[in-house]
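Here's the structure we're looking at; comments come further down.
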Amino acid sequence: MKNTGTFLVQALTDIQNGFAFLWPELLLTFFFLLTIGLDLFKSVQIKTIIPFVALAGFFSSFFLQLQILNNLGNFIKPVFFTGLLTSDGLALYAGLLFSVAGIFTVLLSWLHPALGKSFKGIGEYYAFLLVLAVGLNLLVKSLNLLMLFVSLELVSIASYLLTASLRYQARAIESGMKYILYGLLASGVMLYGMSFMYGFGGSLNFTQPAFWENLSLLNSGFFILIFLLTFVGFLFKVAAAPFHFWAPDVYEGAPTPIVAFFSTAPQIAGFVVIIRFLLAFNHTVAGGLKNNIFVLAGGIALLTLVVGNFTALWQQKARRLLAYSSVAHAGFILAGLTAMATNALEAVFFYLTVLLFMNFGIFLTVQVFEERLGITELKDLSGLGKTFPFLGILTIIVLISLTGLPPTAGFTGKLLLFTSIWQNYTLTGHPLLLTLLLSALLFTGLAFFYYIRIPYYMFFKRNLSEQKKVSLGRENIVLALMTFPLLLFFVQPAWLNELIKQVIFYSK
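Using my numbering, the first residue of the sequence shown is number 247, and each one after it goes up by one.
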């Protein structure tokens, strides 16, 4: 009885001390409650300040996480809440990117004609966005299968509701329903796999060596099946083939700011969780089983590259093209993660950071096309580059970066990613790495052909419509803000790369 009492006191003390490492999440929760409270008032003046409250929440979280990252050397990497969560460099850096994504999402929502004003449900919209950020932060800090599932479901529920936030649009409701059905299926399969992992691993903590040692005793085929079932939920979030089927419909129906957020933040969280699993697995398991998982990861990366790039070629709508573009980018990142070496992790985080700016930039452009100019088909972009030259030039810079060409950070990101794959191929001699490298190079060239269609229509086709010119002053400023880092990190990639190296070193 005395031992039980001592254990409870220690557990409660650990939980109490753990709150010191959850300040970003607690801060976002405070702003979530404040948003809900303000939404209870009927005053239009009060409702109009709700977006600024959400923006303040994301800025506060950003500066707090930035301060923590700048002082990583003064902290001991903690595992808190009785082993449920950690606050290492991977989680903190991902949280920083989530805050940037939240800031950009609020800015895009402010510029969106249907979301920028006091629309019905404005409080719910920004509250769900803040909750989604809390869920993502908890997800990347999770070391426990149960905590992982709860965090992922918090993210999923908020995502479903945000997809259908424009309730008066039938397309948004349809996308929301499809996303719910697909998401429930993925969550169910993942939970089934997790139950096997817990049963045979003997623990809920998936970072413990004993957990993987127990699982490695299983039959190789059964182990791979369990591994794949568990990963379904995370491959679903990063839109990796063959679990990408939700992306085109959700990208087409959800509000543009939410689509931009989905294309970045949940992908980052999904990849961080995959990294945690693969690092723990690689440090414990060796031999044929390790090679089998290596081949499985490489096969999924190759399939994702093929599906994403070839399907994007046939799209005539910008949203669906960008949906399959996101699938293709997931394939590039998975290819980099296949070897799971330190230099690969640095390249992956550089690529994810640059991808955040690229995706928000291109989706802001799509929002201008659709909401301000009433254009959804690529062919209707004819001549818009001459009508709106500043917007056209910024769009070209973003598209060049998405393709992976100089002088943009997209080129640097792909160069680092391909270099890490080549270096690991020279060390291991595994033919799968060479196949992935050659495929990634080939598909980078292929991506040029579907991205180039947008500037081709904008600058090389005549505009035969009698559309009136509109003022895009605010949109141009925000787009320039998102485009500037793509040029900066090409000229000075060491600034970002050094920060990422410190994060990776701290996470080991």
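Glycine included, C-beta positions come from ideal geometry on N, C-alpha and C.
Nothing here was measured: the structure is a model prediction, and the numbers come from that model.
Each of 530, 393, 344 and 674 was checked against the Cα of residue 506, and the nearest Cα belongs to 344. Proximity to residue 394 across 369, 331 and 422 peaks at 331, based on C-alpha coordinates. Across the structure, residue 422 and residue 375 are spaced so that their CA atoms are roughly 15 Å apart.
By the criterion of a C-beta distance shorter than 7 Å, residue 458 is surrounded in its chain by 526, 527, 530 and 531, once the five residues flanking it on both sides are discounted. Here the C-alpha atom of residue 314 lies approximately 25 Å from the C-alpha atom of residue 732. When secondary structure is reduced to three states using DSSP, residue 619 falls in the coil class, being assigned neither helix nor strand. Within the same chain, and ignoring the five residues on either side of residue 514 in sequence, the residues whose Cβ sits closer than 6 Å to its Cβ are 340, 343 and 598.
Annotation: residue 404 to residue 382 spans about 11 Å, alpha carbon to alpha carbon. In this chain, the alpha helix (DSSP H) harbouring residue 401 covers 391 to 409.
Take the alpha-carbon of residue 544 and the one of residue 580: they are about 7 Å apart. In this structure, residue 562 lies near residue 624, with their beta-carbon atoms less than 9 Å apart. Judged by their CB atoms, residue 428 and residue 491 are nearer to each other than the 9 Å cut-off. Distance from the Cα of residue 705 is smallest, within the candidate group 390, 632, 689 and 596, for 632.
Listed in chain order, the beta strand (DSSP E) runs fully inside the segment 296 to 370 amount to none, counting runs of at least 3 residues. Counting the other Cβ atoms within 10 Å of the Cβ of residue 635 gives fewer than 16, which makes it exposed.
Three or more Cβ pairs closer than 8 Å define a contact, and the segment 560 to 577 meets that threshold against the segment 477 to 494. Contact between residue 584 and residue 558 does not hold, since their C-beta atoms are separated by about 22 Å, which reaches or exceeds 8 Å.
Using a Cβ-Cβ distance cut-off of 8 Å, the segment 383 to 402 and the segment 353 to 362 are not in contact, since fewer than three pairs of beta carbons, one from each stretch, lie closer than that value. If you ignore the 5 residues before and after residue 729, its C-beta comes within less than 7 Å of the C-beta of 607, 640, 643 and 644, all in its own chain and listed in chain order. Taking a cut-off of 8 Å on C-beta distances, the segment 648 to 655 touches the segment 687 to 698, as three or more cross pairs fall below it. In the three-state DSSP reduction, residue 717 falls in the coil class, being neither helix nor strand. Looking at 553, 594, 664 and 707, the one whose alpha-carbon comes closest to that of residue 626 is 707.
For residue 572, the enclosing alpha helix (DSSP H) starts and ends at 564 to 583.
Residue pairing from DSSP places residue 451 in a beta bridge opposite 390. With a cutoff of 9 Å on beta-carbon distance, residue 303 and residue 276 are scored as near each other. For residue 553, the number of other beta carbons within 10 angstroms of its own is at least 16, and it is reported as buried.
Under a 10 Å Cβ-count criterion, residue 737 is classified as exposed, with fewer than 16 other Cβ atoms of the shown protein chains found around its own Cβ. With a 10 Å radius around the Cβ and a threshold of 16 neighbouring Cβ atoms, residue 502 comes out buried. The segment 621 to 709 is shown to contain whole alpha helix (DSSP H) runs of 4 or more residues at 630 to 633, 635 to 649, 655 to 674, 677 to 697 and 699 to 706, in chain order. Linking residue 476 to residue 657 through their CA atoms gives a straight-line distance of about 33 Å. DSSP, read as helix, strand or coil, puts residue 484 in coil. Relative to residue 488, the option among 452, 432 and 443 whose CA is nearest is 432. Counting the other CB atoms within 10 Å of its CB gives residue 369 a total of 16 or more, which places it among the buried residues. The alpha-carbon of residue 380 is positioned some 25 Å away from that of residue 727. For residue 384, the CB contacts under 6 Å within the same chain, skipping 5 residues up- and downstream, are 397 in chain order.
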